[in-house]
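K.L.:
Sequence lines, in order, name chains A, B, C and D. Numbered by this note's numbering, the letters in the first sequence go through residues -13 to 352 in order. Numbered by this note's numbering, the letters in the second sequence go through residues -13 to 352 in order. Numbered by this note's numbering, the letters in the third sequence go through residues 37 to 311 in order. Numbered by this note's numbering, the letters in the fourth sequence go through residues 37 to 311 in order. The following block contains the structure, expressed as structure tokens.
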Amino acid sequence: MARVLLQKIRKKYTNGFEAVHGIDLEVADGEFMVLVGPSGCAKSTTLRMVAGLEDISSGDLLIGERRVNDLSPSDRNIAMVFQDYALYPHMSVYENMAYGLRIRKYKREEIDRRVKKAAGILGLEEQLERKPKALSGGQRQRVAVGRAIVREPDVFLFDEPLSNLDAKLRVHMRAEIIRIQKALGTTMIYVTHDQVEAMTMGDRICVLNSGRIMQVAAPLELYDFPANRFVATFIGSPAMNIIRGQLKKDGNNLAFMNQTMKLTVPPGKSGFLESYNGKEIDLGLRPEHISIDMSGKAAADVVTGEVGIIELMGNEKIIHAVAGDTIICRTDPHCRAEKGRPAGMVFNMDKAHFFDPESGMNLTLG
Amino acid sequence: MARVLLQKIRKKYTNGFEAVHGIDLEVADGEFMVLVGPSGCAKSTTLRMVAGLEDISSGDLLIGERRVNDLSPSDRNIAMVFQDYALYPHMSVYENMAYGLRIRKYKREEIDRRVKKAAGILGLEEQLERKPKALSGGQRQRVAVGRAIVREPDVFLFDEPLSNLDAKLRVHMRAEIIRIQKALGTTMIYVTHDQVEAMTMGDRICVLNSGRIMQVAAPLELYDFPANRFVATFIGSPAMNIIRGQLKKDGNNLAFMNQTMKLTVPPGKSGFLESYNGKEIDLGLRPEHISIDMSGKAAADVVTGEVGIIELMGNEKIIHAVAGDTIICRTDPHCRAEKGRPAGMVFNMDKAHFFDPESGMNLTLG
Amino acid sequence: MQGNRRGIWKLILLYLSLGMVSLIILYPILLMLRISLISPEEFFRPDKALLIGPGWTLEHWKGVFGSGLLWPALYKSLYIATVTTVMAVLLAAPAAYVISRTGRRWKYILIMSLFISRMFPEVGIALPVSVRFLSWNLVDTYLGIVLAHLIKVLPYVAWILVGTFEAIPRSLEEASFVDGAGKLATLRRIVFPVSMPGIAVAAMLVWLESWNEFTYALYLTVSENTLPLQTYYYLNRGGIFNSAAYATIITVPVIVMTFILQRHLKAGMLAGGVK
Amino acid sequence: MQGNRRGIWKLILLYLSLGMVSLIILYPILLMLRISLISPEEFFRPDKALLIGPGWTLEHWKGVFGSGLLWPALYKSLYIATVTTVMAVLLAAPAAYVISRTGRRWKYILIMSLFISRMFPEVGIALPVSVRFLSWNLVDTYLGIVLAHLIKVLPYVAWILVGTFEAIPRSLEEASFVDGAGKLATLRRIVFPVSMPGIAVAAMLVWLESWNEFTYALYLTVSENTLPLQTYYYLNRGGIFNSAAYATIITVPVIVMTFILQRHLKAGMLAGGVK
């Protein structure tokens, strides 16, 4: 058990491509840290650098108090679970789990004790003599986890370990992995591209984009207070609406306006935005904070648009309405909006975020 | 344009396996009918029987007033869009669309007129001279649709046409296909395994399971009033909770009870259930109709369970709580339920369904 | 675990190997050409310099062209290779199409017969074949060699073509049916044009195989030699220079076709495509 | 468009073809065996019944076993095939492992050299090879034939082994590294055991290839014949019955190995595995 510290870690390939641009990240002892981001964001590369499977071009990687940049994977005292499980096909489940201990020349009784204990935790007692190909997908997944926990390493590294399982099993294995990590108290770095997985599992989440860290925060904080436009649109489905417009003084209050809408900025947020008066700005509002009003009455903070795509999910309706930009609203499934007809959208401006159009920074976080 | 009528259509393979068990279905002229079901439910087989690509073992298939069982696909005047698009790779986009007309010996000017018109509808004017491999996934999809519409057939058959597109493009193409179908008014049979696609696109939806029709209804009717337990759990995600228990007379009302809960059946539903007094029954309730009450006060229709898995979606939390069975609730993302701790679940019994444990029929539909 | 320096070393190693491989391939060809152009005195000099050096002569080539033996052999080789190719494609294509549309059991039969026909000793099979052909009066005829070559090449032409037809999704044909075309029109307008590149590759490989073939020709020929037999015939009689000239003549179309084919070669085609 | 009746017809057709293929494969083998056991009088009788019929004799086999020529040839063939196999696997395995872990450019080189070494006429290549070997004193030696066979088989052993090693996911090795094993321990404990079946198939195919090989042996041998040469040697002198006996002897291990191999054959392995 140990903290993991990344200091200005960079990854540059022989062909000159810089995959990771000097990132700083501290994973506390016993913490469950999730790395999430779109494909190509270098989340796997970062994990593999921690594992020692990729060279670190520059920067310092510390596990505990040790700088491990130049140590081989075998000397870092980490354990890794791979996306394809990487079980040794010619070995039984028992031998798969015992392999790492045998290599390290543990005593036979100690190996037996640890493997049996891990098998107990994972419910694999009945499968110990089987070969991997005789197991179901979920059991293989368990063996891969078992191989990691018998080693009692300082850090667990999980590289999209659930992406080959079906949806139901995935939900179940998520809970299982959380349970094991909490029980053992081992530091965990977990890579996934699935935002629900990230939000469900992580103590904290590190959002990556193009080899840069966008935000590190607890799950709901990420959702409610995204640090920038990238996180705002990456986390949440459907994505947060981003609308370009201008801030103008309107009496005592600031107003956000463009060709199709004029919305009042709530007093609580105005303070941060004084300097943007008269400038371009991006308004961000999640679909669930826009409701549909079919009464046809014009009122404050109501924008009228033409209904385009309607997606029916059963428990809710996703309505795409066009008012200059396309605006996505999440509504009651019985909402009577119809394709091609106008609808009033009520913007809940208390939930609005404002982003700098250039830097993408969230201006309303204070 | 024509209605399609399936009368006792059966499909039995050489090896004795009966894939389709004599189904009856009427697709009205100009209607958008979606066939949906889990994999292996024979939805594609049914579509291919309508197309003439699979033999019909028995029953009658009528397109318009014609019985077409023994007609080859080329004589049925239908057009089909395949899952892999099935574009002819050695022909340009223009030739791909013109092929069916050339085979039918249309005049050159008529072919040109129709292809250009279809290209206009689909925004393919710029791509007419390109080969399929030079197109993006969405453009290929459009060409496949274009090839269908130039023919001006009686019926469109679409076999999971969007499953090879990414999520964003899929949402867009759904709207496009709906628009084209409504504009042309052509009868449509559309196969998908995706329930959101089914609910978003269909005028009516036909739910299939193991070669039998479970229910044919409009999208929201399917969600709000499922005809049986299969439809109830297949449509909606997470699935409807199904809880086994007994009905007992409790004063004037009926009560649903098992070892962990006692719930009052609302008067409006009691009428249908009198005959089940004292018998086993399945209670069905959707996750959004169970709310979490952390106050700890016991009240009517509140069941206390231990919180297991928590899935955080951002805009909502899915809580799996154990009270005998595992019960899934859809709650506010800020709900303070914690893993391993007790939580009170408030059942909204007005939304409850009751199913016969044997037949699975919904008893509360009247 | 890769750094900048290792990347460069890898590249150097790659090009070195590429050079080595080219040399190994090129060297015997150049040697062959040189032997066909060397004067006997130089060749039999103990301290001769083989590839470069003095003693060039066109005598052997003149001999080959003047002997009257080249043209019949060339004609026979061309005729047999071409007829074998046409027959092989015509026979294998329909079978391959049916197999590609049927299923695993047929493919298993095909792969097994392919394997067996490749692994059984040719000298062993050639004997009963020639005994049988003797009683059918097929020894020393063009038809006999064509039939023997067909036995040799049919399984693997079929294999390449099955691969080619399998790569055509069935939905392409179904789309054509729905579009109003019949079975035959679909074959002619969709299946055949789309599979043309694969058929061409198969044809060229068969042609080369038949053009190069030696063992069956040896067993089944009494009087008129094919080019490979002619090469061996001279060598057997010590005519090493004429033999080299014949070998060069055989190699020319091989080089040309290899050059054309290498752009179309895919790992999958080699499944059956490599001899 | 399938009905019950068509299904049954298909099945009948399938088994008919299966029978036909078996017959075509079996017939020449039985014929070969019969010729080695037929009396010359019967064989040369104009209205002879070949496969079944009278006139059985063990004379030819006695002659073959008693002539003193069988055992040296058998020994030489066994020796050459075995040494070629061991050398080929030892040389190709490390290269194949590196190529499987490196990338497309190497694979392209490999596939090209494989293709070229297969498509170039053996009678053409054998000539410069034997001229070169003459000056190195390798003609009529075991080493010479082994080297010639290595030229022939190395590219495709490498190809099968690249396929075998590629099928081992890299994550398996990485998991072993993370588990604490070094590069060598990983090769010995993970990579080698997992690829054993592929290596075995490659070895058996090489062995058969070398065992059957005729052309290079013909060019490079003056005195001691291998079994295939011995077969041809008798035939050339009209000893058709002895030739058939030799061909039968060659065929026995081929049948045994084919029987073992057919269970392990996959289409992918045939990429390089079929001659």
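Glycine included, C-beta positions come from ideal geometry on N, C-alpha and C.
1. Give a yes or no on whether the C-beta atoms belonging to V13/A and V(-10)/A are separated by under 8 Å.
2. Going by DSSP in three states, T120/C sits in which element: helix, strand or coil?
3. Can you look up D236/B in the DSSP assignment and give me helix, strand or coil?
4. With a threshold of 8 Å between beta-carbons, can S207/C be considered close to chain B, or not?
5. Leaving aside the five residues before and after P75/B along the sequence, list all residues of the same chain whose C-beta is less than 8 Å from its C-beta, in chain order.
6. Looking at the C-beta of I161/C, does it have a partner C-beta in chain D at a distance below 8 Å?
7. Could you check what DSSP says for R316/B in three-state terms: helix, strand or coil?
8. Of all the options G8/B, G282/B and T350/B, which has the alpha carbon lying nearest to the alpha carbon of R215/B?
9. Is it buried or exposed, W172/C, if we count other Cβ atoms within 10 angstroms and call 16 or more buried?
10. Count the CB pairs spanning the stretch 151 to 168 of chain A and the stretch -13 to 6 of chain A that are closer than 8 Å, and state whether there are at least three.
11. Give me whichever residues DSSP pairs with E266/B in a beta bridge.
12. Does A72/A get closer than 8 Å to chain D when you measure Cβ to Cβ?
13. In chain E, what lies closer than 7 Å to A280/D by C-beta?
14. Going along the stretch 42 to 55 of chain B in order, which residues come within less than 8 Å of chain A, judged by CB to CB distance?
15. So, are the CB atoms of P205/B and G222/B less than 8 Å apart?
16. Kindly indicate which three-state DSSP category Q298/D falls into: helix, strand or coil?
17. Kindly indicate the opening and closing residues of the beta strand (DSSP E) around V251/B.
18. What residues from the stretch 244 to 264 of chain C come within 7 Å of chain D, judged by C-beta to C-beta, listed N to C?
19. Please decide whether E210/C counts as near chain B, where near means a Cβ-Cβ distance under 8 Å.
20. Below 6 Å CB to CB, which residues in the same chain sit around I74/C once its five sequence neighbours on both sides are set aside?
21. Establish whether the CB of V131/B and some CB of chain C are separated by less than 8 Å.
22. Cβ atoms of D287/A and I228/A: under 8 Å apart, would you say?
23. Have a look at F211/A, F68/A, S78/A and G231/A and flag the residue whose alpha-carbon is nearest the alpha-carbon of E112/A.
24. Between which two residues does the beta strand (DSSP E) holding R198/B run?
25. Count the other CB atoms, across all protein chains shown, that sit within 10 Å of the CB of W247/C; report buried if there are 16 or more and exposed otherwise.
26. Considering only heavy atoms of the ligand FAD, does any lie closer than 7 Å to the CB of G109/B?
27. Is it a yes or a no for the stretch 270 to 288 of chain D touching the stretch 159 to 175 of chain C, going by three-plus beta-carbon pairs under 8 Å?
28. So S277/B is in the alpha helix (DSSP H); what residue range does that whole segment cover?
29. Express the C-alpha separation of T262/D and L110/D in angstroms, rounding to a whole number.
30. Are at least three pairs of beta-carbons, each pair with one atom in the stretch 181 to 193 of chain D and one in the stretch 52 to 67 of chain A, less than 8 Å apart?
31. I want to see whether chain C comes within less than 8 Å of F68/B, judged by CB atoms only; does it?
32. Buried or exposed: L126/C, going by 16 or more other Cβ atoms within 10 Å of its Cβ?
33. Who does V13/A pair with in a DSSP beta bridge?
34. Chain B partners of F213/C, CB-CB under 8 Å?
35. With a cut-off of 8 Å, does the C-beta of V193/A fall near any C-beta of chain B?
36. What does the Cβ neighbour count give for G106/A, buried or exposed, with the cut at 16 atoms within 10 Å?
P.N.:
The answer reads as follows:
1. Result yes, Cβ atoms of V13/A and V(-10)/A sit closer than 8 Å.
2. helix
3. strand
4. yes
5. K117, P118 and K119
6. yes
7. strand
8. T350/B
9. exposed
10. Judged by Cβ distances under 8 Å, the stretch 151 to 168 of chain A makes no contact with the stretch -13 to 6 of chain A, as fewer than three pairs qualify.
11. Q232/B
12. yes
13. Considering every chain present, this structure includes no chain E. Its protein chains are A, B, C and D.
14. none
15. no
16. coil
17. Looking at the DSSP string, V251/B is not in any beta strand (DSSP E), and its letter there is neither H nor E.
18. L244, N248, F250, T251 and P264
19. yes
20. Exclusion of the five residues before and after I74/C leaves G91 as the residues of its chain whose Cβ lies within less than 6 Å of its Cβ.
21. no
22. no
23. Nearest C-alpha to E112/A: S78/A.
24. R198 to A203
25. buried
26. This structure lacks the ligand FAD, and indeed carries no ligand of any kind.
27. yes
28. Run containing S277/B: none in the alpha helix (DSSP H); it sits in the beta strand (DSSP E), I276 to D279.
29. 7 Å
30. Taking 8 Å as the limit for Cβ pairs, the verdict is that the stretch 52 to 67 of chain A does not touch the stretch 181 to 193 of chain D.
31. yes
32. exposed
33. In DSSP, V13/A forms a bridge with V(-10)/A.
34. G38, L39, S58, P59 and S60
35. no
36. exposed
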